[in-house]
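Written out below as structure tokens is the structure these notes cover.
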Amino acid sequence: MANKAALEGGPDDLQERIVEAAPPGEDLKIAHRGGYEHFRSTSRTQEGPEGPLPVYEWWERTEIAE
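First residue of the sequence shown? That's 14 in this note's numbering, and the numbers climb one at a time after it.
Here you go:
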């Protein structure tokens, strides 16, 4: 089973809040509304359906170049 992570912060209309976790030391980049929402790992966890999930916190948005 893939490792999962919980997303915190970012746009209110970001629907998926439980996603596949990034490899250790890497940020998560989620495609959303013509850009990417970037999330960084925190030291916190959140209880999920399969147990504790690492929490990733939103820190920036970048636009997709056209």
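By construction, the Cβ of each residue, glycine as well, lies at the ideal position given by its N, Cα and C atoms.
Buried versus exposed, by CB contacts within 10 Å (16 or more), residue i
i: Glu50; result: buried
i: Ala19; result: buried
Rounded straight-line distance, which links the Cα of residue j to that of residue i
i: Lys17; j: Gly48; result: 22 Å
i: Met14; j: Pro24; result: Any reading at Met14 must be qualified, since the residue scores a pLDDT of 41, below 50, and its modelled position is unreliable; the value itself is stated next. Their backbone Cα atoms lie some 28 Å apart in a straight line.
i: Arg74; j: Glu63; result: 29 Å
i: Glu76; j: Arg46; result: 9 Å
i: Glu39; j: Ser54; result: 8 Å
i: Gly61; j: Val68; result: 11 Å
Limits of the beta strand (DSSP E) - the one that residue i falls within
i: Gln59; result: Gly48 to Gly61
i: Glu70; result: Gly64 to Glu76
Cβ-Cβ distance between residue i and residue j below 9 Å
i: Ala34; j: Leu41; result: yes
i: Glu70; j: Glu21; result: yes
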